Amino acid sequence: MIDSAMTKGSSSMIDPAKIDSYPLQMVKNLQKAGFTTYLVGGCVRDLLLGRLPKDFDISTSAKPNEIRKILQRGRLIGKRFKLILVRHGEGQYEISTFRSGEERYDQSGRRDFNIFGTPESDARRRDFTINALFYDPIEDKIIDYVHGQEDLLRRTLRSIRNPRETYLEDPIRILRALRIAGKLGLHISPADYYEMVTHRELLASTSVDRVREEIYKALKEGTMRSFVQELIKSGAIEYVFPFVRDYSRDEIEDLIQYLDIFDKTRPFKDFDLGISIMWLSAIRRLLREKSSDISNVQNIDEALKIEPFLKTHMRYSNYIAESIVRILFYWVQIRQKWIADGVPETQRFRLSKDPYFYSALQIANIEEKRIGDDTPNLKWIENELSRCVQPRSVRTVGEYRRRVGVKKRFGRRGPNQFRKRTWRNG
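Letter by letter, the sequence shown follows residues 3 to 428 of the numbering used here.
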């Protein structure tokens, strides 16, 4: 057991080479100005586990206006709690002021979230012990007020406060716990797991944007397989991907294999591509039952009600819902060899620039690899992938439209959905 007195200022075993130079410089600048400043949260957890963090968050005693004076590239964000966002290159970094656990309300009864505190109060108001660690990279010191290092050594995910209060206060923590546990191979404490399963139905009324953010994090981290497995095990899958509850055991096994290959091959990651994979078992069943009736987008969507389901139940935007249906349409056509055998070269040239077609090829590639590396279709698929103009990683799917001139609606013209416009890659 790690002595708690030592964890409040113990030397770390962190490899400094795993820390990005830019957040390190921001910590130095804030400390040089006289403010207590640490790296905090998931990046500290990952560094202690020897992993390369995806994001670096900073917490400081400086107030938001003071942070902006020192870090002039920062901008103020946050509807409730104000913090500073700094963009540098392809990275973005959040700098927050230490928060207090105190609750205060204004005259209208609205809660004031901008109550600043100390490092200890900030740590104790966080969700899990392993996410409440501070690290001073200048002094190489770990600051631990909640026995987070001890839980890391035990490979345990545990709430800082009473688990029931934790998940009732914010049900999205159920998804966060499942994602982190799956990603890091952690054991969720029995008390936490009981409350997560007990209150999982609260996810039905949780913000769809926040649910989508947890899914996107799993896609970006390459941990979608473990996340979905944890969702199935806990029963929370019903509130995230409700259609999966109708899958047979074999179809779930197929889905897990698809996601495993998806995570390992790390193709171009986009939200609609990842969600499309979740539908493959349903589409395969449809192909077996109604193969002659799904020759176009409308028939696919009418058979499975994918687009209205995504829009009404999961409340995805029209564009994302349409994108998913379009990707699945192309995948069916690739699977039935319509594109290989019946499309003129000029139209195939246009398809090679279509991000939906590219995503569908990625899915077809994953499916063939699940079957085996020597299937007849795999060579054709890989050839098509090589001739496609691979989309760059962009922040929003809307940028695809501007880049390739894709029309918003598909109409009746099938895959030919492009305006007459010169292609520009990037």
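C-beta atoms are modelled at their ideal positions from N, C-alpha and C, and glycine is treated no differently.
Quick caveat, the model's predicted, so the values are computed rather than measured.
Checking 8 Å against the spacing of the C-beta atoms, do residue i and residue j come in under that value?
{"i": "L41", "j": "I60", "result": "yes"}
{"i": "R157", "j": "F229", "result": "no"}
{"i": "G119", "j": "F100", "result": "yes"}
{"i": "L205", "j": "A183", "result": "no"}
{"i": "R214", "j": "I176", "result": "no"}
{"i": "R47", "j": "N133", "result": "yes"}
{"i": "S278", "j": "I365", "result": "yes"}
{"i": "F264", "j": "I336", "result": "no"}
{"i": "S283", "j": "L257", "result": "yes"}
{"i": "L155", "j": "I144", "result": "no"}
{"i": "L330", "j": "I285", "result": "yes"}
{"i": "I21", "j": "P139", "result": "yes"}
{"i": "M226", "j": "G150", "result": "no"}
{"i": "D146", "j": "P165", "result": "no"}
{"i": "L188", "j": "L233", "result": "no"}
{"i": "E240", "j": "R247", "result": "yes"}
{"i": "I308", "j": "W281", "result": "yes"}
Along the chain, where does the beta strand (DSSP E) that runs through residue i open and close?
{"i": "R77", "result": "77 to 79"}
{"i": "K143", "result": "143 to 145"}
{"i": "V334", "result": "V334 -> not in any beta strand (DSSP E); alpha helix (DSSP H) instead, spanning 320 to 337."}
{"i": "V88", "result": "85 to 90"}
{"i": "Y137", "result": "136 to 138"}
Would you list the one or two residues that DSSP bridges to residue i?
{"i": "R101", "result": "F118"}
{"i": "H149", "result": "Note: H149 sits in no beta bridge, so no partner."}
{"i": "T62", "result": "T39, T99"}
{"i": "I190", "result": "L159"}
Please classify residue i: is it buried, with 16 or more other beta-carbons within 10 angstroms of its beta-carbon, or exposed?
{"i": "T168", "result": "buried"}
{"i": "T131", "result": "buried"}
{"i": "L32", "result": "buried"}
{"i": "I97", "result": "buried"}
{"i": "S328", "result": "Contrary to the premise, residue 328 reads as Arg rather than Ser in this sequence. Looking at its Cβ environment, which holds 16 or more other Cβ atoms inside 10 Å, R328 is buried."}
{"i": "Y402", "result": "Bear in mind that a pLDDT of 40 at Y402, under 50, signals an unreliable position, so the number given afterwards is only what the model happens to contain. That one is buried."}
{"i": "N67", "result": "exposed"}
{"i": "S325", "result": "buried"}
{"i": "G36", "result": "exposed"}
{"i": "K185", "result": "buried"}
{"i": "G93", "result": "exposed"}
{"i": "K219", "result": "buried"}
{"i": "M15", "result": "exposed"}
{"i": "S250", "result": "exposed"}
{"i": "E171", "result": "exposed"}
{"i": "D124", "result": "buried"}
{"i": "Q210", "result": "Residue identity check: residue 210 is Val in the sequence provided, not Gln. Exposed, since its Cβ has fewer than 16 Cβ neighbours within 10 Å."}
{"i": "T200", "result": "exposed"}
{"i": "Q419", "result": "Low local confidence applies: a pLDDT of 41 at Q419 is under 50, so the model's placement there is unreliable, and no value is given."}
{"i": "Y196", "result": "exposed"}
Can you tell me whether residue i is helix, strand or coil according to DSSP?
{"i": "L429", "result": "Because residue 429 is not part of the residues shown, which for the chain are 3 to 428, the question remains open."}
{"i": "E96", "result": "strand"}
{"i": "D129", "result": "coil"}
{"i": "I182", "result": "helix"}
{"i": "T200", "result": "helix"}
{"i": "I176", "result": "helix"}
{"i": "I308", "result": "helix"}
{"i": "I16", "result": "coil"}
{"i": "K355", "result": "coil"}
{"i": "F245", "result": "helix"}
{"i": "L502", "result": "Residue 502 cannot be examined here, being either before or after the span of the chain that is shown, 3 to 428."}
{"i": "Q364", "result": "helix"}
{"i": "D57", "result": "coil"}
{"i": "L73", "result": "coil"}
{"i": "R287", "result": "helix"}
{"i": "R372", "result": "helix"}
Taking the alpha helix (DSSP H) that residue i belongs to, which residues open and close that run?
{"i": "S236", "result": "226 to 236"}
{"i": "N164", "result": "Per DSSP, N164 belongs to no alpha helix (DSSP H) and is neither H nor E."}
{"i": "K266", "result": "251 to 267"}
{"i": "S23", "result": "23 to 34"}
{"i": "T273", "result": "In the sequence as displayed, the identity of residue 273 is Phe instead of Thr. Segment 273 to 280, the alpha helix (DSSP H) holding F273."}
{"i": "R214", "result": "210 to 223"}
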